[in-house]
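Residue numbers (this note's numbering): 14 to 333. No residue lacks a Cβ here, since even glycine has one placed at the ideal position from N, Cα and C.
Pasting the structure below:
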């Protein structure tokens, strides 16, 4: 019976480079046996993230003398001769960005908190709108503030709209106004070959992280025009910021809308023993692990070709 059941191939798929590590047991401990970097294959002509992993596995085989492939496929599980691997673990930063629009009651309160929440993943903020900017904008074209926001958002086509505002038992009417603006942007129109105009509704993904007492009214305003997800208030009080529920929802939407489109994802999911995760999520876990292990504050930088992530963690018992 094969007693070696710890051989793991770890792949970090970037936009330019794919790094692959072979980790196996040595003297009772897990050790890095070999590390290889190859060009990623998410772009044409291959358009399959798995191809880079196979290229790297072939290079590791040549370096170590341990055959990791069988007819151009990963050899799994590991054999008694210690060829092959038992599992593949994949993280990636190559899937692209989640396009976000921020809609807030107050730009410098809920709006700023929403923006901070987006920085935990691979996102880009296309536009920020806030009700309190209405009074500061002088429009000489004769259009209303709402008309300008609807025109702007209709042309952007974001993946997700983040909505927030109102402290606990605070603003309600302003949130309903905001919801109506978001709802209007879901309306579309096209003209067919006969010159007849057709109207349609494109339900957007909307995350509501505002005053929960306004949730039902927001749901009604967005009925049929949004795929609404409600999370805990991101700013329940002026001196309290609750980012994690919104961050987690952004992560779920990223996995659903962006990560799933990575070329070769179906094959990666078939081969990987664990769910394919983002490099950002993996870096966050490692940062927290190092903070707890060393009982120190840890600041980590993950510098990639397309984006840079910064993580901070402190041990749970740490008192500043």
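With DSSP run on the structure shown, which of helix, strand or coil describes residue i?
i, result
"residue 232", "helix"
"residue 119", "coil"
"residue 20", "coil"
"residue 88", "coil"
"residue 253", "strand"
"residue 143", "strand"
"residue 136", "strand"
"residue 108", "coil"
"residue 25", "strand"
"residue 177", "strand"
Would you kindly check if the distance between the Cβ of residue j and the Cβ of residue i is under 8 Å?
i, j, result
"residue 195", "residue 239", "yes"
"residue 33", "residue 52", "no"
"residue 130", "residue 271", "no"
"residue 184", "residue 121", "no"
"residue 82", "residue 74", "yes"
If I'm right that residue i touches residue j with Cβ under 8 Å, what's the distance once you round it to whole angstroms?
i, j, result
"residue 135", "residue 300", "Rounded, the Cβ-Cβ distance is 17 Å, inconsistent with contact."
"residue 247", "residue 177", "5 Å"
"residue 226", "residue 182", "6 Å"
"residue 284", "residue 87", "6 Å"
Got a sec, what are the start and stop residues for the beta strand (DSSP E) residue i sits in?
i, result
"residue 189", "From DSSP, residue 189 is part of no beta strand (DSSP E) but of the alpha helix (DSSP H) over 186–197."
"residue 240", "239–243"
"residue 102", "100–105"
"residue 163", "Where residue 163 is concerned, there is no enclosing beta strand (DSSP E), although the alpha helix (DSSP H) it sits in stretches over 158–169."
"residue 218", "217–221"
Which residues mark the beginning and the end of the alpha helix (DSSP H) in which residue i is found?
i, result
"residue 68", "62–77"
"residue 307", "292–307"
"residue 264", "257–270"
"residue 281", "278–284"
"residue 127", "125–131"
Looking only at DSSP bridge pairs, what is residue i linked to?
i, result
"residue 37", "44"
"residue 315", "322"
"residue 82", "87"
"residue 247", "Bridge partners of residue 247: none, in fact."
"residue 50", "32"
Within 7 Å: the Cβ of residue i and any heavy atom of the ligand FAD?
i, result
"residue 20", "The ligand FAD is not among the ligands present in this structure, which contains no ligands whatsoever."
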